[in-house]
Amino acid sequence: MSDVKVLSVASEIYPLVKTGGLADVVGALPGALALEGIAVTTLVPGYPAVLAALRDPEVVYVYHWFFGGDARLLRAHAAGLDLFVLDAPHLFNRPGNPYVAADGKDWSDNPIRFAALSRIAADLGLGFVPGYQADIVHAHDWQTGLAPAYLGYSGRAHPPSVMTVHNMAFQGQYGRELLPALGLPDHSFSMEGVEYFGTIGFLKAGLQLADRITTVSPTYAAEIRTAEGGMGLDGLLRSRAAVVSGILNGIDSDVWNPAADPLIAAGYDIAHLSDRALNKAALQQRMGLDVDPDAQLFGVVSRLTWQKGLDLLLDRLGILLRNGGQLAVLGSGDPGLADGFGLAALGNPGRVGIVHGYDESLAHLIQAGSDVVLVPSRFEPCGLTQLCALRYGAIPLVARVGGLADTIIDANDVARAAGIGTGIQFSAVTADGLEAALYRTADLWRDRAYWQTMQRNAMNTDVSWRRPAAAYAALYRSLIAGRN
Ligand code: ADP
């Protein structure tokens, strides 16, 4: 029996709409929290892909003229999720990516679109929608940062709110002239409110006005309180340090299960590690690489952006290849980086392959077939790819930052002697740092007995949502207890 009702609000949710790890987290938490006695209903925008997935939605509220057009609030179940959907065609009935138009630029009305979403979250928190009352409002990322502000400035009793930061790099800053259009009172434009360096800061508002702040790993929770990691919000976060904490993400262990994964060439488990070889051969074939069981195969599944540090990899690709490695890249984003890997593939046939785009099924095969999964991020709030890699026995080679630092045990000499270690970490996050790590990784590969030990250690790591869900449940309960 669920005794706590949480309204979660986010701009994407797996499997209905996803551009990154945020969707995975928002999609997986409700199931994991149900086991903790927490009933999560998630409010998401009515993008075409979301509306298409709903069967028999119930119209729970009709808004005449809401942020520039008519809108309906729907309640429905889809993909095992309990949802509220904001069906506002003037805001969300657009093709493609949730945030950017076909020309690659942000939709110019993004502040209005996501203020509308946040406003509904607050309305649900305030009990304005008949038949539903949340005990907690949980907002994810800048798009929903105004939800705690709308609650706070409502002048009414309201449930406590939690603001979770999945990536500090995206903050949502807009001109102050929008204040009336967003329905915020003049006095909210202050340091204690939504004002942020002379603009309206969506994430800033959430961090200022939520009762609790979480981010997705303990190390990132510390990093965002520094000038470098805080990206302008570190002062605020230091002043609110008492309510900031880090809770690691997990991954959906049903979706990511090498023993029963329909998207890979051959299932395997820890007792049948040798069956991974079939996936390695299939991946080599799929990526146009030489089918060679002895070549150390490095995989990348990533957005192609500066954050992910893949320019460092391009810089030192020669070392990886000279050490006898192969590289398989799946990435979407920056055309410059994609071209860089494309040229490398042309220049190194059979050794480097790239697929530019988003491909769920290839992502699974890369996890199942690679010997190493590379995540050289300059910063990484949590990171999911290395968690998937652990589960699939692909050894993560990661930068020692954020959640990467918290989830991988570096196979240094002490760890190796003790038979522990689940991956390779490097710092500083520079091309030289990566180069040294590439040499270490090649050296570890020569000791196949220890390599298999690392694979087993990795696969034995608990990367499920069990522990994170318990931590969120404890947070919600402590907030409710604090109110009573
Ligand atoms: P971020 O949210 O910063 O992109 P995360 O590591 O937290 O990074 O989450 C990325 C998620 O998106 C993972 O589940 C990863 O497998 C997936 N992913 C990233 N790029 C691609 C791609 N090109 N094709 C398929 N899946 C991808």
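In short: position in the sequence shown from 1, add 196, done, that's my numbering. Cβ coordinates follow ideal geometry from the N, Cα and C atoms, glycine included.
Out of Pro414, Leu250 and Ala318, which one is the CA nearest neighbour of Pro664?
As a working note, residue 664 is residue 468 in the sequence shown. Closest by C-alpha distance to Pro664, out of Pro414, Leu250 and Ala318, is Pro414.
With DSSP run on the structure shown, which of helix, strand or coil describes Gln367?
Along the sequence shown, read from residue 1 onward, the residue named residue 367 stands at position 171. It is coil, neither helix nor strand.
Does the distance from the CB of Leu526 to the CB of Leu500 come in under 7 Å?
Counting from 1 along the sequence shown, the entry for residue 526 is found at position 330. Counting from 1 along the sequence shown, the entry for residue 500 is found at position 304. In this structure, Leu500 does not lie closer than 7 Å to Leu526 by Cβ.
For Leu221, which residues of its own chain have a beta-carbon under 6 Å away from its beta-carbon, when the five flanking residues on both sides are left out?
In the sequence shown, residue 221 corresponds to position 25, counting from 1. The displayed chain sequence assigns Val, not Leu, to residue 221. So the list reads Asn445, once near-sequence residues are dropped.
Once you ignore the five residues that flank Val246 on each side, which residues in its own chain have a CB closer than 7 Å to its CB?
To locate residue 246, count along the sequence shown from 1; it is residue 50. Cβ within range, chain order: Leu212, Val213, Val240 and Val281.
Pick out whichever of Ala462, Leu479, Gly397 and Gly426 has its Cα sitting closest to the Cα of Gly371.
Taking the sequence shown and counting its residues from 1, one reaches residue 371 at position 175. Here the closest residue by C-alpha is Gly397.
Using CA atoms only, rank isn't needed, just tell me which of Pro355, Asn519, Asp628 and Tyr392 is closest to Gly368.
Position 172 of the sequence shown, counting from 1, holds the residue named residue 368. Nearest C-alpha to Gly368: Tyr392.
Short of 6 Å in beta carbon distance, which residues of its chain neighbour Gly216, apart from the five on each side in sequence? Order them along the chain.
Along the sequence shown, read from residue 1 onward, the residue named residue 216 stands at position 20. Within the same chain, Gly216 has no close Cβ partners at all.
Should the segment 197-207 be called in touch with the segment 223-235, which here means at least 3 C-beta pairs below 8 Å?
yes
Would you tell me roughly how many angstroms separate the C-alpha atoms of Asp407 and Leu570, rounded to the nearest one?
Translated into the one-based positions of the sequence shown, residue 407 becomes position 211. Translated into the one-based positions of the sequence shown, residue 570 becomes position 374. For Asp407 and Leu570, the distance between alpha carbons rounds to 37 Å.
Along the chain, where does the beta strand (DSSP E) that runs through Thr411 open and close?
Reading the sequence shown from its first residue, position 215 is the one you call residue 411. Per DSSP, Thr411 belongs to the beta strand (DSSP E) from Arg408 to Thr411.
Helix, strand or coil, according to DSSP, for Pro294 in the structure here?
For the purposes of this step, residue 294 is taken as the residue at position 98 of the sequence shown. It is coil, neither helix nor strand.
Report the three-state DSSP secondary structure of Ile332 (helix, strand or coil).
Translated into the one-based positions of the sequence shown, residue 332 becomes position 136. In the structure shown, Ile332 sits in a strand (DSSP, three-state: E or B).
Is it buried or exposed, Arg271, if we count other Cβ atoms within 10 angstroms and call 16 or more buried?
As a working note, residue 271 is residue 75 in the sequence shown. So Arg271 counts as buried.
Given this structure, state the Cα-to-Cα distance separating Tyr672 from Ala235, to the nearest angstrom.
One-based indexing of the sequence shown puts residue 672 at position 476. One-based indexing of the sequence shown puts residue 235 at position 39. About 11 Å.
DSSP three-state call for Phe575: helix, strand or coil?
On the sequence shown, position 379 is the one that residue 575 refers to. It is coil, neither helix nor strand.
Is the Cβ-Cβ distance between Leu508 and Ala670 less than 7 Å?
Here residue 508 refers to the residue found at position 312 when the sequence shown is read from its first residue. Here residue 670 refers to the residue found at position 474 when the sequence shown is read from its first residue. No, these two residues do not count as a Cβ contact at 7 Å.
Hey, is Thr581 close to the ligand ADP, as in C-beta under 6 Å from one of its heavy atoms?
Taking the sequence shown and counting its residues from 1, the one referred to as residue 581 is at position 385. Yes; taking the cut-off as 6 Å, the Cβ of Thr581 has a heavy atom of the ligand ADP nearer than that.
CB Ala377 to CB Val390, shorter than 7 Å?
Translated into the one-based positions of the sequence shown, residue 377 becomes position 181. Translated into the one-based positions of the sequence shown, residue 390 becomes position 194. No, these two residues do not count as a Cβ contact at 7 Å.
Using a threshold of 7 Å, state whether the C-beta atoms of Val205 and Thr340 are closer than that.
Against the sequence shown, residue 205 aligns to sequence position 9. Against the sequence shown, residue 340 aligns to sequence position 144. Closer than 7 Å, so yes.
Near Gln481, what residues of its chain come up, given a Cβ to Cβ distance below 7 Å and the 5 sequence neighbours on each side ignored?
Locating residue 481 in the sequence shown gives position 285, where the first residue counts as 1. For Gln481, where only same-chain residues beyond five positions count, the Cβ hits under 7 Å are Val487.
Could you please give me the residues that DSSP links to Gly527 through a beta bridge?
Here residue 527 is taken as the residue at index 331 of the sequence shown, counted from 1. Residue pairing by DSSP puts Gly527 in a beta bridge opposite Ser498 and His552.
So, do the segment 412-430 and the segment 545-554 have three or more beta carbon pairs nearer to each other than 8 Å?
no
Taking only the alpha-carbon atoms, compute the straight-line gap between Pro344 and His354 and give it to the nearest angstrom.
In the sequence shown, the residue the question calls residue 344 occupies position 148. In the sequence shown, the residue the question calls residue 354 occupies position 158. When rounded, the separation of the alpha-carbon atoms in Pro344 and His354 is 10 Å.
So, Leu279 versus Ala318, is the Cβ gap smaller than 7 Å?
Taking the first residue of the sequence shown as position 1, residue 279 is located at position 83. Taking the first residue of the sequence shown as position 1, residue 318 is located at position 122. No, Cβ-Cβ distance for Leu279 and Ala318 is not below 7 Å.
Indicate the three-state DSSP secondary structure (helix, strand or coil) for His273 in the structure shown.
Reading the sequence shown from its first residue, position 77 is the one you call residue 273. Here His273 sits in strand by DSSP.
Please classify Phe385: does DSSP put it in a helix, a strand, or coil?
Taking the sequence shown and counting its residues from 1, one reaches residue 385 at position 189. Phe385 falls in the coil class under three-state DSSP.
Beta strand (DSSP E) containing Tyr140: first to last residue?
The question about residue 140 has no answer, for the chain in this structure spans 197 to 680.
Should the segment 630-649 be regarded as contacting the segment 325-337, the criterion being three or more beta carbon pairs within less than 8 Å?
no
Out of curiosity, what's the CA-to-CA distance linking Trp703 and Leu539?
Residue 703 falls outside the range modelled here, since the chain spans only 197 to 680, and no answer is possible.
Would Tyr635 be called buried (16 or more neighbouring beta carbons within 10 Å of its own) or exposed?
Walking along the sequence shown from the start, residue 635 turns up at place 439. By the 10 Å Cβ count, Tyr635 comes out exposed.
So does Val497 have its beta carbon nearer than 6 Å to some heavy atom of the ligand ADP?
Locating residue 497 in the sequence shown gives position 301, where the first residue counts as 1. Yes; taking the cut-off as 6 Å, the Cβ of Val497 has a heavy atom of the ligand ADP nearer than that.
Does the structure place the segment 573-581 close enough to the segment 596-612 that three or more beta carbon pairs sit under 8 Å?
By the Cβ criterion, the segment 596-612 is in contact with the segment 573-581, since at least three pairs of Cβ atoms, one from each stretch, lie closer than 8 Å.
When you compare the CB positions of Ser350 and Leu322, do they come within less than 7 Å of one another, or not?
Here residue 350 is taken as the residue at index 154 of the sequence shown, counted from 1. Here residue 322 is taken as the residue at index 126 of the sequence shown, counted from 1. Cβ distance < 7 Å, so Ser350 and Leu322 count as in contact.
Mind checking which residues open and close the alpha helix (DSSP H) that includes Val222?
Along the sequence shown, one-based indexing puts residue 222 at 26. Segment Gly217 to Ala230, the alpha helix (DSSP H) holding Val222.
Distance, Cα to Cα, Lys504 vs His362?
For the purposes of this step, residue 504 is taken as residue 308 along the sequence shown, with counting starting at 1. For the purposes of this step, residue 362 is taken as residue 166 along the sequence shown, with counting starting at 1. So the two alpha carbons sit approximately 15 Å from each other.
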